[in-house]
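Asker: Numbering-wise, the working numbering comes out as the position in the sequence shown, counting from 1, plus 326. Even for Gly, the Cβ is constructed at its ideal location relative to N, Cα and C. Note that the coordinates shown come from a computational prediction; the quantities given were computed from them, not determined experimentally.
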Amino acid sequence: MQLYNSLTRKKELFIPLKDKEILMYVCGITPYDTTHLGHAFTYTFFDVLYRYLIHLGYKVTYTQNVTDINDRDKDILKKAHQQHTSWNKLADFWTKKFLEDMKNLNWVMPTNYLKASKQITSMIRIIEALLKNGYAYERESNVFLDIKKVKDFGKLSKLTKEYMLIRAKEFEEDIDNPLKKNKLDITLWRAATPDQPAHIPSFKSPFGKGRPASRRGSPGGRPGWHIECSAMAISSLDEQIDIHGGGIDLIYPHHESEIAQSESATGKTPFAKYWIHTGTVLYKGKKMSKSLGNLVMVSDLLKKFSSDTIRFVLLSHNYSEPWEFREKELTTAQESLNIIKSALKIKSKKNLPLSSENSFKRINESLENNMNTPQALLKIISLANIILKENSFKNVARDQNNLRECLKILGFTI
Ligand SMILES: [Zn+2]
Numbered sequence: 327m328q329l330y331n332s333l334t335r336k337k338e339l340f341i342p343l344k345d346k347e348i349l350m351y352v353c354g355i356t357p358y359d360t361t362h363l364g365h366a367f368t369y370t371f372f373d374v375l376y377r378y379l380i381h382l383g384y385k386v387t388y389t390q391n392v393t394d395i396n397d398r399d400k401d402i403l404k405k406a407h408q409q410h411t412s413w414n415k416l417a418d419f420w421t422k423k424f425l426e427d428m429k430n431l432n433w434v435m436p437t438n439y440l441k442a443s444k445q446i447t448s449m450i451r452i453i454e455a456l457l458k459n460g461y462a463y464e465r466e467s468n469v470f471l472d473i474k475k476v477k478d479f480g481k482l483s484k485l486t487k488e489y490m491l492i493r494a495k496e497f498e499e500d501i502d503n504p505l506k507k508n509k510l511d512i513t514l515w516r517a518a519t520p521d522q523p524a525h526i527p528s529f530k531s532p533f534g535k536g537r538p539a540s541r542r543g544s545p546g547g548r549p550g551w552h553i554e555c556s557a558m559a560i561s562s563l564d565e566q567i568d569i570h571g572g573g574i575d576l577i578y579p580h581h582e583s584e585i586a587q588s589e590s591a592t593g594k595t596p597f598a599k600y601w602i603h604t605g606t607v608l609y610k611g612k613k614m615s616k617s618l619g620n621l622v623m624v625s626d627l628l629k630k631f632s633s634d635t636i637r638f639v640l641l642s643h644n645y646s647e648p649w650e651f652r653e654k655e656l657t658t659a660q661e662s663l664n665i666i667k668s669a670l671k672i673k674s675k676k677n678l679p680l681s682s683e684n685s686f687k688r689i690n691e692s693l694e695n696n697m698n699t700p701q702a703l704l705k706i707i708s709l710a711n712i713i714l715k716e717n718s719f720k721n722v723a724r725d726q727n728n729l730r731e732c733l734k735i736l737g738f739t740i
């Protein structure tokens, strides 16, 4: 199979690190709001990739995380505070909603579905390794990764330091923290402060033991967002993994930082062999985002359309490209699904010669070519039309089975 690797910016032949086993990690949601179509696009694509790799005979271990600890004070923490609830109750509520939406979209649950708040030990372990080998430094119980020590920092995003600063600001990284040696150094552990409000989570840590006698003992704190994913990928999968995925907006700073942290801690390169990124979903001309108020919620669409219809719309767009959602696509998808349903329902006549068409391989060829799902869907519709046309003079049972198999690989329920 050919896959586009964001790390090399090339379409490459997919060769797993171990013969028949694949380790895959996909960055999950920050649970503080409803699942929108942008989330559904990313997670449905990785669901199809997961299904297809299993179909090819690989043993796939797939980890997805839940970022239920914010390292900045926004998102979950801000919203929980506004709603007078705790961060973990809010995160649990929205994680459940997300899983319900994805289950309704017929996704296959990842092998490991990990909450960051339950993986603090593995995060502390990797931060300790980075302190020990000199890549990280401690300042007043905070720990930072020194990016000057990481020789190939920037190899994924290939951004200039100036542009990294702009992006880091957009992501509200604490670039102006006076404790940092360099503005772009990565926050691995953020120490709790004495005046920290009660709604901010704090976990025990070994950092800060060397503080002056008057302030002995660690004040606790919370992990940085990026180290959460490095730790969860390594602890649940391995020090080197085959596929790392996520939305394209995560390339910098999140994925770049994950590479720097993981490779510096383990000494093994590459941390992830293939980096796969999904494109942005737009609505009414702009990126779907909460701040712009142009979100299309999956739960709202599911009230009017079947999961197959929504899945059809999502897969009719190339995973790596940006696209704009338009309502009329749902009706077009419904029409296509009706043709497919008719082709599956039609009674095949056993006494007629078998149809010569064998599209199964051709549909797989589309997936072999960088998971070209839009092309696979076009071939599926064409196969359905052939079945309907040839049924009067050919036995189409074989094609109907092929059609069923292809739909299953793409995760449809019909
Ligand atoms: Zn992540």
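(1) Based on Cα-Cα distance, which residue from Met490, Pro527, Lys734 and Phe479 lies nearest to Lys415?
(2) Is any heavy atom in ligand 1 found nearer than 7 angstroms to the beta carbon of His603?
(3) Mapping the DSSP letters down to three states, classify Asn695 as helix, strand or coil.
(4) Can you confirm whether the segment 384-404 touches the segment 587-605 when touching is taken to mean that 3 or more C-beta pairs between the two stretches lie within less than 8 angstroms?
(5) So, under 8 angstroms CB-CB, Leu482 and Ser332 are touching, yes? Tell me the CB distance rounded to an integer number of Å.
(6) Would you say Ile735 and Val722 are within 8 angstroms of each other, going by their C-beta atoms?
(7) Can you list, in chain order, the residues of its chain whose CB lies under 7 angstroms from that of Val622, leaving out five sequence neighbours each side?
(8) Give every residue of the same chain whose Cβ lies closer than 8 angstroms to the Cβ of Val434, excluding the five residues on either side of it in the sequence, and list them in chain order.
(9) By the DSSP assignment, the alpha helix (DSSP H) with Gln660 in it spans what residues?
(10) Is the beta carbon of Ile450 less than 8 angstroms from the beta carbon of Val392?
(11) Taking all protein chains shown into account, decide if Asp521 is buried (16 or more other Cβ within 10 angstroms of its Cβ) or exposed.
(12) Is there at least one non-hydrogen atom of ligand 1 closer than 7 angstroms to the beta-carbon of Gly547?
(13) Hey, Tyr702 and Leu709: beta-carbon distance below 8 angstroms or not?
(14) With three or more beta-carbon pairs closer than 8 angstroms as the criterion, would you say the segment 422-434 touches the segment 566-585?
(15) Please name the residue in Met490, Gln445, Glu655 and Leu440 whose C-alpha comes closest to that of Phe529.
(16) Let me know the alpha helix (DSSP H) ranges lying completely inside the segment 552-631, each 4 residues or longer, listed in chain order.
(17) Three-state secondary structure (DSSP) at Phe651?
(18) Terminal residues of the continuous beta strand (DSSP E) containing Thr513?
(19) Measuring only from the beta carbon, is His580 closer than 7 angstroms to any heavy atom that is part of ligand 1?
(20) Name the one or two DSSP bridge partners that Asn362 has.
(21) Please work out which residues of its chain come closer than 6 angstroms, Cβ to Cβ, to Asn438, disregarding the five sequence neighbours upstream and downstream, and give them in chain order.
(22) Among the candidates Phe340, Leu343, Cys555 and Thr421, whose CA atom is the shortest distance from the CA of Asp359?
(23) When you compare the CB positions of Ser590 and Phe533, do they come within less than 8 angstroms of one another, or not?
(24) Counting along the chain, where does the alpha helix (DSSP H) carrying Ala524 start and finish?
(25) Would the beta-carbon of Gly573 be found less than 7 angstroms away from any heavy atom of ligand 1?
(26) Measuring CA to CA, which of Ser646, Lys675 and Phe638 is closest to Thr739?
(27) Assuming His525 and His407 make a contact with CB atoms under 8 angstroms, what is their CB distance in whole Å?
(28) Just checking Asn391 against ligand 1 - is the residue's beta carbon closer than 7 angstroms to any of the ligand's heavy atoms?
(29) Check whether the Cβ of Cys732 sits closer than 7 angstroms to any heavy atom of ligand 1, and report yes or no.
(30) Quick one: grab the DSSP three-state call for Tyr439.
(31) What distance in whole Å lies between the Cβ atoms of Ile453 and Leu514, which are believed to be in contact at a cut-off of 8 angstroms?
(32) Taking C-alpha atoms, which residue in Ile341, Glu731 and Ile585 lies nearest to Asn690?
(33) Closest to Lys720 by CA distance: which of Lys675, Leu457, Ile512 and Gly460 is it?
(34) State the Cα-Cα distance for the pair Gln660 and Ser633, rounded to the nearest angstrom.
(35) Suppose you measure from the CA of Ala442 to the CA of Asn711; what does that come to, to the nearest Å?
Answerer: The structure says:
(1) Of all alpha-carbon atoms in Met490, Pro527, Lys734 and Phe479, the one lying nearest the alpha-carbon of Lys415 is that of Pro527.
(2) no
(3) strand
(4) no
(5) Correct: roughly 7 angstroms between the Cβ atoms.
(6) no
(7) Setting aside the 5 residues that flank it on each side, Val622 is surrounded in the same chain by His362, Leu363, Tyr609, Met614 and Phe651, each with a C-beta closer than 7 angstroms to its C-beta; the list follows chain order.
(8) Asp373, Tyr376, Arg377 and Gly737
(9) Lys654 to Lys671
(10) no
(11) exposed
(12) no
(13) For clarity, residue 702 is Ala in the given sequence; the question names Tyr instead. No, the Cβ-Cβ distance between Ala702 and Leu709 is not below 8 angstroms.
(14) No, they do not touch.
(15) Gln445
(16) 582-592 and 624-630
(17) strand
(18) Start and end: Ile512 to Ala517.
(19) Yes.
(20) A small correction: the amino acid at residue 362 is His; Asn does not occupy that position in the sequence shown. DSSP lists Met623 as partners of His362.
(21) Taken in chain order, the residues that qualify are Thr389 and Ser562.
(22) Thr421
(23) no
(24) Premise fails: Ala524 is in no alpha helix (DSSP H) and is neither H nor E.
(25) no
(26) Phe638
(27) 5 angstroms
(28) yes
(29) no
(30) Strand.
(31) Beta-carbon to beta-carbon, Leu514 and Ile453 are separated by about 5 angstroms, close enough to satisfy the 8 angstroms threshold.
(32) Glu731
(33) Lys675
(34) Cα to Cα, Gln660 sits roughly 11 angstroms from Ser633.
(35) 48 angstroms
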